[in-house]
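What follows is a single structure, written as structure tokens, with notes after it.
In the working numbering, the protein residues as written are 9 to 397.
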């Protein structure tokens, strides 16, 4: 069915059908060839055109739209090819019966502001944790729930809460390093004395930011290693006097450091992308990240490099990765809500045992082009199914 949007009047037109989850009635008018209008060939579910997919993001500095623009554009291209349409919006753009959204036009390579119907589904890509704490976000998520509009993913995940969940899982707990939330001096002091080498990670951090390696080796000396600098103290009390308030207020978690497996002398990690597909959680793509100048994180923005998974692939790796992806999705859905997409950061010790570091509910773009392409396909397929098309 051909649906037209007229930019001048900010209205949608077609014949004998409605649009969006609120089933906006469309007026009959011939806009073919009108320079102020654009045509969207959409699918039909009874007399309702769609699917209309809302991609919820946020505003950054200067009140400009923030988020993963390349992903949003790729999704719109793919959704259009399959006879759907998507728009990007923020929580502040939501009205009772419409949304002030932005539609990407691939042929013109530009975004156009439009008055859009309520979506059949909302894909949560709000880019900052602080925005998910706002009244506008909570009102929007409640609105979608009240109107039975599917909303995924529910929100950012707290690293320590996820670690606690995995520690109680019958098959995943063996992959979780000993971890505590830093709440007091004594607990962290006992922890570093027990393991000598630990990582300090912000419980609500991302992209490897704010991670430190803390070691206590000889004569009570404490050394803190950052991505670029290191600091030393004569004893734990001196370290705590400087860092205690920071670690508690952030808050930080402390995790036992592993002795990692290496490729040509340098540590590497698994980056696993998973989606809900055909009634189960499945692996979409696997990437390998290897550290170079430092070993605190393998993230590419922090100097890590990309290695093809095929170069290290084994049956054992495959089995672990597929089990971790399947079980992680199930425990998230059971305890946190439906996460149709997530990524897992995992590693391998020098003794050949596997480690799960964290699960991310809003994966960054993968540098492997084929993974991003498959990701867009998987998301589009999931959108159409969940939207009822």
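We treat Cβ as the ideally placed atom computed from N, Cα and C, and that holds for glycine.
Does the Cβ of residue 316 have 16 or more other Cβ atoms within 10 Å, making it buried, or fewer, making it exposed? Flag for residue 316 reads exposed.
Contact under 8 angstroms by Cβ, residue 223 with residue 167: Taking 8 angstroms as the cut-off, the Cβ atoms of residue 223 and residue 167 do not count as close.
The alpha helix (DSSP H) with residue 320 in it runs from where to where? That residue, residue 320, is in no alpha helix (DSSP H); it is neither H nor E in DSSP.
Taking residue 155 as the reference, which of 128, 101, 268, 122 has the closest Cα? Ranked by Cα distance from residue 155, the first of 128, 101, 268, 122 is 128.
Looking only at its own chain, which residues have a Cβ that is under 6 angstroms from the Cβ of residue 244, when we skip the five neighbours before and after it? If the five residues before and after residue 244 are omitted, its C-beta is found closer than 6 angstroms to the C-beta atoms of 197, 230, all from its own chain and listed in chain order.
So, helix, strand or coil for residue 48, using DSSP? In the structure shown, residue 48 sits in a strand (DSSP, three-state: E or B).
For the alpha helix (DSSP H) that residue 7 lies in, which residues bound it at each end? There is no way to answer for residue 7, as the model of the chain reaches only from 9 to 397.
Backbone CA spacing between residue 52 and residue 259 [nearest angstrom]: The straight-line gap from Cα to Cα measures roughly 49 angstroms.
Taking 7 angstroms as the cut-off, is the C-beta of residue 106 nearer than that to any heavy atom in the ligand MN? Questions concerning the ligand MN fall outside what the structure shown contains, since it holds no ligand whatsoever.
Bounding residues of the alpha helix (DSSP H) (the contiguous stretch that carries residue 153): Element bounds for residue 153: 143-154.
Cut-off 8 angstroms between Cβ atoms - residues of its own chain near residue 363, not counting five sequence neighbours on either side: Setting aside the 5 residues that flank it on each side, residue 363 is surrounded in the same chain by 183, 184, 185, 266, 354, 355, 356, 357, each with a C-beta closer than 8 angstroms to its C-beta; the list follows chain order.
Which residues bound the alpha helix (DSSP H) around residue 80? Taken as a continuous stretch (DSSP letters only), the alpha helix (DSSP H) holding residue 80 covers 77-89.
Give the single residue among 30, 112, 360, 199 whose Cα lies nearest to the Cα of residue 125. Of 30, 112, 360, 199, the residue nearest in Cα terms is 30.
Close Cβ partners of residue 135 (< 7 angstroms) along its chain, the five nearest in sequence each way excluded: Within the same chain, and ignoring the five residues on either side of residue 135 in sequence, the residues whose Cβ sits closer than 7 angstroms to its Cβ are 65, 66, 74, 75.
Should residue 277 go down as buried or exposed, given a rule of 16 or more other Cβ atoms within 10 Å for buried? Answer is buried; the Cβ neighbour count reaches 16.
Using DSSP's beta-bridge definition, name the partner residues of residue 274. Residue 274 pairs with 271.
Pick out whichever of 122, 367, 248 has its Cα sitting closest to the Cα of residue 44. When the alpha-carbon of residue 44 is set against those of 122, 367, 248, the nearest one is in 122.
Taking just the CA atoms, how far does residue 68 sit from residue 28? C-alpha separation (whole angstroms): 28 angstroms.
Between the Cα of residue 390 and the Cα atoms of 289, 208, 100, 335, which residue gives the shortest distance? Ranking 289, 208, 100, 335 by CA distance to the CA of residue 390 puts 289 first.
Bridge partners for residue 132 per DSSP, in chain order? DSSP links residue 132 through a beta bridge to 64.
Rounded straight-line distance, which links the Cα of residue 159 to that of residue 101: Our two residues, residue 101 and residue 159, have alpha carbons roughly 16 angstroms apart in a direct line.
Bridge partners of residue 279, per DSSP? BP columns for residue 279 point to 295, 353.
Exposed or buried, which one is residue 191 when buried takes at least 16 other CB atoms within 10 Å? A residue is called buried once 16 or more other Cβ atoms fall within 10 Å of its Cβ, and residue 191, having fewer, is exposed.
The alpha helix (DSSP H) enclosing residue 386, as first and last residue numbers: 377-394 is the span of the alpha helix (DSSP H), which, as asked, contains residue 386.
How would you label residue 16, buried or exposed, when you count the other beta carbons within 10 angstroms and need 16 or more for buried? Exposed, since its Cβ has fewer than 16 Cβ neighbours within 10 Å.
Which same chain residues end up closer than 6 angstroms to residue 162 when comparing Cβ atoms and leaving out the 5 residues on each side of it in sequence? Correct list, in chain order: 345.
Between the region 332-347 and the region 248-264, are three or more C-beta pairs nearer than 8 angstroms? The answer is no - the region 248-264 does not touch the region 332-347, with fewer than three Cβ pairs under 8 angstroms.
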